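Participant: For the sequence shown, the working numbering assigns the number 55 to the initial residue and increments by one for each residue that follows. Ideal Cβ placement from N, Cα and C applies to all residues, glycine included. For clarity, every value in this text was computed on a predicted model and none was experimentally measured. Quick one: the structure is below, and I'll ask about it shortly.
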Amino acid sequence: MTEGTKSYLFGCHQFLIHPLMVILAWKRLYGCMPKSWESVCIFLHDIGHIGRDYLTYYSEKKKHWILGARIARLLFGQKGYALVASHTGQSGFPRSKLYYSDKYSWILAPIWWLRLNDKIEKFGEHRSLHVWRNLMIENFKNDCPKGSHEIYLELKERTNHMPSSSKEQSAFSLERKYQEIVEQKEKLIKDLRIMIAVRDNLIAELKRKLLHGKD
Ligand SMILES: [Fe+2]
Ligand SMILES: [Fe+2]
């Protein structure tokens, strides 16, 4: 069985779970459910992983949108083709609502399911889940977020250049660094809130004094 078929049947592109996560992401991002034809396209968008060794060969991953887009064209014409094609930058189509909800779905996906995907698809030691998820969150803040596969490849590339003994340690220290950054960010927000409260109190006090001064 190819990597893509396994992924589509049991892994991270599972034909029911992943589309449902994308629909949930769509609802969160746009405040409404996709239309019925859009929902069908969502269920079709990753079907082209079937029969492709998409983890081993990036060239295979790049073609994964084609089958779904062709089926969508048969069902809904050009708008169906365009919507499915636009879910990935690999098609060259402009980013669509499906593009963003597809990426956002990985931020919403439960960690237990991601862990199960790791076990099934054997992504390898480079994909420390928390690091990958944090990278996805940071990535999504960009105007043009990258695809989840590109983030996966970047992590893989980074760890492949390390001696194997330090990979585990590196994943651990990366994870710890992220935790530290998150904690620092929360502390900064807390400090900022306190400063705003102090500023508001000072303004209120000043106003009160000015009013009394006039009296
Ligand atoms: Fe895809
Ligand atoms: Fe997808």
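Hey, how far is the Cα of V94 from the Cα of L183?
Facilitator: Cα to Cα, the separation comes out at about 30 Å.
Participant: Among G58, G178, Y158 and E175, which residue has its Cα nearest to the Cα of I43?
Facilitator: One cannot answer for residue 43 here, as it falls past the ends of the chain, which runs 55 to 269.
Participant: Determine the DSSP secondary structure at H99, reduced to helix, strand or coil.
Facilitator: Three-state result, H99: coil.
Participant: Give the range of the alpha helix (DSSP H) segment to which G143 is assigned.
Facilitator: No alpha helix (DSSP H) contains G143, which DSSP labels as neither H nor E.
Participant: Measure the Cβ-Cβ separation of R149 and S140 and say whether it is below 8 Å.
Facilitator: Closer than 8 Å, so yes.
Participant: What are the complete alpha helix (DSSP H) segments, minimum 4 residues, inside the stretch 104 to 131?
Facilitator: With a minimum length of 4 residues, the continuous alpha helix (DSSP H) runs that stay inside the stretch 104 to 131 are 112 to 115 and 120 to 130.
Participant: From which residue to which residue does the alpha helix (DSSP H) around H67 run?
Facilitator: From DSSP, H67 is part of no alpha helix (DSSP H); its letter is neither H nor E.
Participant: Using a Cβ-Cβ cut-off of 7 Å (strictly less than) and excluding sequence neighbours within five positions of H103, which residues of its own chain qualify?
Facilitator: Excluding sequence neighbours, H103 sits near G58, S61, Y62, H67 and H118.
Participant: Closest by CA to I161, which one among G267, E237 and F194?
Facilitator: Per the Cα distances, F194.
Participant: Could you check how far apart the C-beta atoms of S155 and L83 are, in whole angstroms? I think they sit under 8 Å.
Facilitator: That belief holds up - the Cβ atoms of S155 and L83 are roughly 6 Å apart, short of 8 Å.
Participant: Which whole-angstrom value is the C-beta distance of K81 and M87, which I expect to be below 8 Å?
Facilitator: About 6 Å; that satisfies the 8 Å criterion.
Participant: Short of 6 Å in beta carbon distance, which residues of its chain neighbour E229, apart from the five on each side in sequence? Order them along the chain.
Facilitator: If we look at E229 and ignore the five residues flanking it on each side, its Cβ neighbours are S182, H184 and V185.
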